[in-house]
Amino acid sequence: MAEAARVPGVDDLRVKLCYICREEEQYDQPESQQNKSVWVHPCNCTLVAHESCLLEWIKTAQQNPARAENALKCPQCGAEYELESNNPPLLRLMEAVNKLLTMGGRIVMAVNLSTVLVAFGSGLYVVSTAYGLHAMQEFLGKEMFDHLITDDPGKWPLHAWFNLPMIPLTLILSRTSLTETTLTATIPLFITWAITKPVQTDGAPLFRPAPDTDYFPLAPNQEGFLSWPPGPVLSIFLWLGVKSLYRRCWNRFCHYVLDTQPARAPDGRRMRRFLWDFDEGGAGPLRLRIAANVLGERRREGQVQAGQQHADAQQRDGGNEDGDAEENDNQPTARYTSSSIGRLIGGALMIPTISNRMGTLLYRLSQHSSLLRKFLGVKPPMSVGLRITSAISPAFYKLTPAQQVTTFSWAVLRVIMHGTRSWNEMDPVWFRNTIGLGLFVVAKDCAELFYAWLSKRELESRHVKTRPFRGIDARELDLIRPQRITT
Numbered sequence: 010m011a012e013a014a015r016v017p018g019v020d021d022l023r024v025k026l027c028y029i030c031r032e033e034e035q036y037d038q039p040e041s042q043q044n045k046s047v048w049v050h051p052c053n054c055t056l057v058a059h060e061s062c063l064l065e066w067i068k069t070a071q072q073n074p075a076r077a078e079n080a081l082k083c084p085q086c087g088a089e090y091e092l093e094s095n096n097p098p099l100l101r102l103m104e105a106v107n108k109l110l111t112m113g114g115r116i117v118m119a120v121n122l123s124t125v126l127v128a129f130g131s132g133l134y135v136v137s138t139a140y141g142l143h144a145m146q147e148f149l150g151k152e153m154f155d156h157l158i159t160d161d162p163g164k165w166p167l168h169a170w171f172n173l174p175m176i177p178l179t180l181i182l183s184r185t186s187l188t189e190t191t192l193t194a195t196i197p198l199f200i201t202w203a204i205t206k207p208v209q210t211d212g213a214p215l216f217r218p219a220p221d222t223d224y225f226p227l228a229p230n231q232e233g234f235l236s237w238p239p240g241p242v243l244s245i246f247l248w249l250g251v252k253s254l255y256r257r258c259w260n261r262f263c264h265y266v267l268d269t270q271p272a273r274a275p276d277g278r279r280m281r282r283f284l285w286d287f288d289e290g291g292a293g294p295l296r297l298r299i300a301a302n303v304l305g306e307r308r309r310e311g312q313v314q315a316g317q318q319h320a321d322a323q324q325r326d327g328g329n330e331d332g333d334a335e336e337n338d339n340q341p342t343a344r345y346t347s348s349s350i351g352r353l354i355g356g357a358l359m360i361p362t363i364s365n366r367m368g369t370l371l372y373r374l375s376q377h378s379s380l381l382r383k384f385l386g387v388k389p390p391m392s393v394g395l396r397i398t399s400a401i402s403p404a405f406y407k408l409t410p411a412q413q414v415t416t417f418s419w420a421v422l423r424v425i426m427h428g429t430r431s432w433n434e435m436d437p438v439w440f441r442n443t444i445g446l447g448l449f450v451v452a453k454d455c456a457e458l459f460y461a462w463l464s465k466r467e468l469e470s471r472h473v474k475t476r477p478f479r480g481i482d483a484r485e486l487d488l489i490r491p492q493r494i495t496t
């Protein structure tokens, strides 16, 4: 009875097949032909294996991160293997210490990496903020700068800690193909400065709130609905509109001067490619684009004049690879090299300084022209404090809700049209700097177009200089009239 209840083991199998090495062993096989490794049945299914093969398989699986989780599980039934070993308490303690040290090493590595990133980010933030502060002073002028922000970080408005470091990034992106998207996304950043409350200086403030009133940035009441120069909020939208219109007209003018056509995608949209090229030994991007356009036009004209019907047939049969390559070459391509990227970043960071210098030049010219002075809205510097009388007085809260909404809407509209009291009363250095920057951009575009036109004309005028066969024996040439050589 006890014999019948006995559960068979791995040694009771007639044929044992290792599912790892696939070696087979018969129960009656001579001992000399048997594998010395012990056979084990480690799971709940019928799989058996050599103990040495299974241990090696487990060891290999544990070293593979993808298989380590299932290293101690049967691949067929999923039962977990049980390992028995001589594992004294001292070994278990040392393994625990090793795990703690490993975890500590990972934490130290993460802390060090985080420290490096934070240090780099902090340094970049400080440098960007310092540049943003410099750009604000260059663009707004010293008087408006001291009124809105000053050099003392303790007096900065809250949004300055975000807006100032964003200025260099915005300037750089403004010179890329993301110009329209970038400027649209940064409109709120500019508007915040247009309605910023004046800072409180240590001495008598230039603008002091009237007593018993809350600050609200209204323009003076004596201004009409329209005034010149426009307020900063309205100027932002005017700048975007004028810039978009100027770019459209300028692109058409460039194609007219260079006698080119804007490349378009098959669906009618303008194509734009980006080519990262750090080979400084090649030709500049301007010459490459001109060469592609001119050579493309010459090829098309030559095909029409010669009547190359076989070329048309090849194109109908699908042999358009050369044509496609030519079309791709003629696409508007932004080719970036290490020098062009440096010029892009350097030119972007020079924008505030350039606008300041151009604004200063316009200011000096306005001293000799009353019309220009009126157009720029030049005003004398403020020398005394000014009380803000157009603030929210207690009488505002006594109005009905409808009257409050009407009054507030009218006030917001005046801020959009004229700007705040501080922007309206001070000399609009920012406005003439903006006009000066626009004139500089136009002058730069004209210079670049003139350079492109000269390069295109030089390319079209190229010809190969022919030379006589000087130094070559005339007897080696097949001449129409052979020369008689006398000896």
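Numbering follows this note's numbering, in which position 480 of the sequence shown is assigned residue number 489; successive positions increment by one, without gaps. Here a beta-carbon is modelled for each residue, glycine too, at the ideal position from N, C-alpha and C.
Subject >> Integer Cβ distance of L446 from M367, believed to fall under 8 Å >> reply: Position 437 of the sequence shown, counted from the start, is the residue given in the question as residue 446. Position 358 of the sequence shown, counted from the start, is the residue given in the question as residue 367. That belief holds up - the Cβ atoms of L446 and M367 are roughly 6 Å apart, short of 8 Å.
Original post:
Is E89 helix, strand or coil by DSSP?
Top reply: Taking the first residue of the sequence shown as 1, we reach residue 89 at position 80. Three-state DSSP puts E89 in a strand.
Subject >> Beta-bridge partners of A483, as assigned by DSSP >> reply: If you number the sequence shown from 1, residue 483 lands on position 474. Answer is none; A483 lacks a bridge partner.
Original post:
Going by other Cβ atoms of all chains shown within 10 Å of its Cβ, with 16 needed for buried, is R423 buried or exposed?
Top reply: The sequence position of residue 423 within the sequence shown is 414, counting from 1. When all chains shown are included, R423 counts as buried.
Original post:
Looking only at DSSP bridge pairs, what is E34 linked to?
Top reply: Position 25 of the sequence shown holds residue 34. Its beta-bridge partners are K25.
Subject >> contact_flag[the stretch 256–269, the stretch 458–466] where n(CB pairs < 8 Å) is 3 or more >> reply: yes
Original post:
According to the Cβ coordinates, are A70 and C27 closer than 8 Å?
Top reply: In the sequence shown, residue 70 corresponds to position 61, counting from 1. In the sequence shown, residue 27 corresponds to position 18, counting from 1. Result no, Cβ atoms of A70 and C27 do not sit closer than 8 Å.
Original post:
Between G141 and P177, which are expected to be in contact by the criterion C-beta below 8 Å, what is the C-beta distance as a whole number of angstroms?
Top reply: Your numbering for residue 141 matches position 132 in the sequence shown. Your numbering for residue 177 matches position 168 in the sequence shown. Correct: roughly 7 Å between the Cβ atoms.
Original post:
Using the beta-carbon count (16 or more within 10 Å), is T409 buried or exposed?
Top reply: Sequence index remark: in the sequence shown, residue 409 carries index 400 (1-based). The residue is exposed, with fewer than 16 neighbouring Cβ atoms inside 10 Å.
Subject >> Three or more C-beta pairs below 8 Å linking the stretch 50–65 and the stretch 76–85 >> reply: yes
Original post:
How many Å lie between R382 and W202 at the Cα?
Top reply: Counting from 1 along the sequence shown, the entry for residue 382 is found at position 373. Counting from 1 along the sequence shown, the entry for residue 202 is found at position 193. Taking the straight line joining both Cα atoms gives about 25 Å.
Original post:
Hey, would you say P98 sits closer than 8 Å to S137, going by beta carbons?
Top reply: Counting from 1 along the sequence shown, the entry for residue 98 is found at position 89. Counting from 1 along the sequence shown, the entry for residue 137 is found at position 128. No. Outside cutoff.
**OP:** Take P361 and list the residues in its own chain whose beta-carbon comes closer than 6 Å to its own, dropping the five residues that flank it on each side.
**Re:** Position 352 of the sequence shown, counting from 1, holds the residue named residue 361. Excluding positions up to five away in sequence, the list reads A144, E147 and F148.
Original post:
Looking at L92 and the ligand SAH, is the gap between the Cβ and the nearest heavy atom below 7 Å?
Top reply: For the structure depicted, the ligand SAH is absent and the ligand set is empty, with no information on it obtainable.
Original post:
What residues in its chain sit with their C-beta under 8 Å from that of I354, if we drop five residues either side in the sequence?
Top reply: Taking the sequence shown and counting its residues from 1, one reaches residue 354 at position 345. These residues qualify, in order along the chain: I181.
**OP:** List the endpoints of the continuous alpha helix (DSSP H) containing S364.
**Re:** Position 355 of the sequence shown, counted from the first residue, corresponds to residue 364. Counting along the chain, the alpha helix (DSSP H) containing S364 begins and ends at I360 to S375.
**OP:** Return the CA-CA distance between E467 and W170, expressed in angstroms with no decimal places.
**Re:** On the sequence shown, position 458 is the one that residue 467 refers to. On the sequence shown, position 161 is the one that residue 170 refers to. Near 51 Å, if we compare the C-alpha coordinates of W170 and E467.
**OP:** Assuming G240 and V438 form a contact by the criterion Cβ under 8 Å, report the distance between their Cβ atoms to the nearest whole angstrom.
**Re:** Within the sequence shown, numbered from 1, the residue matching residue 240 stands at position 231. Within the sequence shown, numbered from 1, the residue matching residue 438 stands at position 429. No, G240 and V438 are not in contact; Cβ-Cβ is about 14 Å, not under 8 Å.
Subject >> Contacting residues, own chain, Cβ-Cβ under 8 Å from A334 (five flanking each side not counted) >> reply: Taking the first residue of the sequence shown as 1, we reach residue 334 at position 325. Below a pLDDT of 50, predicted positions are generally treated as unreliable, and A334, at 46, falls in that range; no measurement from the model is reported.
Subject >> Element boundaries [alpha helix (DSSP H), containing H156] >> reply: Numbered from 1 along the sequence shown, position 147 holds the residue referred to as residue 156. It spans K151 to L157 - the alpha helix (DSSP H) in which H156 sits, taken as one unbroken run.
**OP:** Kindly identify the DSSP beta-bridge partner or partners of H59.
**Re:** Taking the sequence shown and counting its residues from 1, one reaches residue 59 at position 50. Beta-bridge pairing links H59 to W48.
**OP:** Starting from K465, trace the alpha helix (DSSP H) both ways and give me its first and last residue.
**Re:** As a first step, residue 465 must be located in the sequence shown, where it is residue number 456. Here the alpha helix (DSSP H) through K465 covers V438 to E469.
Subject >> 8 Å Cβ cutoff met for I444 and L385 >> reply: Counting from one through the sequence shown, the residue named residue 444 turns up at place 435. Counting from one through the sequence shown, the residue named residue 385 turns up at place 376. Result yes, Cβ atoms of I444 and L385 sit closer than 8 Å.
Original post:
Which residues in the same chain have their Cβ closer than 7 Å to the Cβ of D288, if we skip the five residues on either side of it in sequence?
Top reply: For this step, residue 288 is matched to residue 279 along the sequence shown. The pLDDT assigned to D288 is 47, lower than 50, so where the model puts this residue is not dependable; a value taken from the coordinates is nonetheless given after this. Nothing listed; no residue qualifies.
Original post:
Looking at the structure shown, is K164 part of a helix, part of a strand, or coil, going by DSSP?
Top reply: Taking the first residue of the sequence shown as position 1, residue 164 is located at position 155. In the structure shown, K164 sits in a helix (DSSP, three-state: H, G or I).
**OP:** Report back the beta-carbon spacing between V19 and W48 to the nearest angstrom; my notes put them in contact at under 8 Å.
**Re:** The residue you call residue 19 lines up with position 10 of the sequence shown. The residue you call residue 48 lines up with position 39 of the sequence shown. That belief holds up - the Cβ atoms of V19 and W48 are roughly 5 Å apart, short of 8 Å.
Original post:
Would K68 be called buried (16 or more neighbouring beta carbons within 10 Å of its own) or exposed?
Top reply: The sequence position of residue 68 within the sequence shown is 59, counting from 1. K68 is exposed by the Cβ-count criterion.
Original post:
Expressed to the nearest angstrom, what Euclidean distance is found between the alpha-carbon atoms of V488 and D482?
Top reply: As a first step, residue 488 is located in the sequence shown; it is residue number 479 there, counting from the start. As a first step, residue 482 is located in the sequence shown; it is residue number 473 there, counting from the start. The question names Val, but residue 488 is Leu in the sequence shown. Each residue's Cα considered, the two are about 12 Å apart.
Original post:
L126 to A357, Cα distance in whole Å?
Top reply: Counting from one through the sequence shown, the residue named residue 126 turns up at place 117. Counting from one through the sequence shown, the residue named residue 357 turns up at place 348. Between L126 and A357, the C-alpha separation is close to 26 Å.
**OP:** Would you mind sorting L63 into buried or exposed? The rule is 16 or more other CB atoms within 10 Å of its CB.
**Re:** Residue mapping note: residue 63 aligns to position 54 of the sequence shown, counting from 1. Looking at its Cβ environment, which holds 16 or more other Cβ atoms inside 10 Å, L63 is buried.
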